[in-house]
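Working notes, beginning with the structure itself.
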Amino acid sequence: MEYNTSRSYLGMREYGRHVHKMVDYLLTIEDRDKRQQQTQAVIELMGFLNPHLKNVEDFRHKLWDHLFFISDFKLDVDSPYPIPTKETYKLKPDPLPYPKRHPKYAHLGKNLEVVIDKALKEEDPEKKAGFAHAIAYYMKLAYSNWHKELVHDDAIRSELNSITGGELEFSNTPYIKHRNQNFERDEYGSGGRGGRWQQNFGGRNNRNNGGVGRNNLGRVREEAP
Numbered sequence: 248m249e250y251n252t253s254r255s256y257l258g259m260r261e262y263g264r265h266v267h268k269m270v271d272y273l274l275t276i277e278d279r280d281k282r283q284q285q286t287q288a289v290i291e292l293m294g295f296l297n298p299h300l301k302n303v304e305d306f307r308h309k310l311w312d313h314l315f316f317i318s319d320f321k322l323d324v325d326s327p328y329p330i331p332t333k334e335t336y337k338l339k340p341d342p343l344p345y346p347k348r349h350p351k352y353a354h355l356g357k358n359l360e361v362v363i364d365k366a367l368k369e370e371d372p373e374k375k376a377g378f379a380h381a382i383a384y385y386m387k388l389a390y391s392n393w394h395k396e397l398v399h400d401d402a403i404r405s406e407l408n409s410i411t412g413g414e415l416e417f418s419n420t421p422y423i424k425h426r427n428q429n430f431e432r433d434e435y436g437s438g439g440r441g442g443r444w445q446q447n448f449g450g451r452n453n454r455n456n457g458g459v460g461r462n463n464l465g466r467v468r469e470e471a472p
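In our numbering, the protein residues as written are 248 to 472.
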């Protein structure tokens, strides 16, 4: 009996051991034409075993790359695609260049600095004014979200002048309504039991009527003896 611990390592488990044995057999074929023909058959089988890859771009290209990987890049056949090598497979991508400095205005973020730099380079006065209004609107929105309170336009204008050296100015900004965090308490927690629900929907409070009152159908119910 052959145990898995004594078997060879599977380079790509999704194709199964039988495909790996077929690839090993391809390496033993000396006739190149026959080896090429058998390789095409193995490629078709690999595509049949993984139908979900058919919707992937360059489906056939991936199958050929997988075939060479399973053979440990030892298979000598013609491929319709560039033949990968062990060096290209192990090649690591270059590290991403992360920014090494913190934004000047952390409460506004680095993206706003990019927008401000682009606005300062704009030569069209109308577009430059549009940039100023959009930047001021975002600054006011950021203050409202972080501080949970409205900020006056003069404060926004003062900071924008400080950031841009007075090169960007705005006349006014759209009003940002401050969200009331206690709106649920204001709506439903005031006015005792029932609160504003009774005022808005005409509900009746029959708790203190000695057990006698009207239900929603207008009938009079009496207290049971």
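Here a beta-carbon is modelled for each residue, glycine too, at the ideal position from N, C-alpha and C.
What is the rounded straight-line gap between the Cα of Val266 and the Cα of Pro344?
Cα to Cα, Val266 sits roughly 41 Å from Pro344.
Where does Arg443 fall in DSSP's three states?
Reliability fails at Arg443, whose pLDDT of 49 lies under 50, so the model's placement of it is uncertain and no value is given.
Within the chosen definition, does the region 324-344 reach the region 362-379 through at least 3 CB pairs nearer than 8 Å?
As far as the Cβ criterion goes, the region 324-344 does not touch the region 362-379, which means the pair count is below three.
Hey, is Leu296 close to the ligand SAM, as in C-beta under 8 Å from one of its heavy atoms?
The ligand SAM is absent from the structure shown, which contains no ligands of any kind.
Can we say the region 287-299 touches the region 262-277, given the rule of at least three CB pairs closer than 8 Å?
The answer is yes - the region 262-277 touches the region 287-299, with three or more Cβ pairs under 8 Å.
Taking the C-alpha atoms as reference points, what is the distance between Leu257 and Pro342?
Going by the C-alpha atoms only, they are around 30 Å apart.
What are the boundary residues of the alpha helix (DSSP H) that His313 is part of?
Residues Phe306 to Ile317.
Drop a sphere of 10 angstroms on the beta-carbon of Lys387, count the other beta-carbons inside from all chains shown, and report buried for 16 or more, exposed for fewer.
It counts as buried.
So is Leu338 buried or exposed if we call it buried at 16+ other beta carbons inside 10 Å?
Under this definition Leu338 is an exposed residue.
Answer yes if the region 297-312 comes into contact with the region 346-365, meaning at least three C-beta pairs across the two stretches below 8 Å, and no otherwise.
No contact exists between the region 346-365 and the region 297-312.
Just how far apart, CA to CA, sit Leu274 and Lys281?
Computed Cα separation, rounded: 11 Å.
Between Glu416 and His394, what straight-line distance do the alpha-carbon atoms span, to the nearest angstrom?
Looking at the two C-alpha atoms, the distance is approximately 24 Å.
Keeping to the same chain, check which residues put their C-beta closer than 7 Å to that of Ala383; ignore five residues upstream and five downstream.
So the qualifying residues of the chain are Ile403, Leu407, Phe417 and Thr420.
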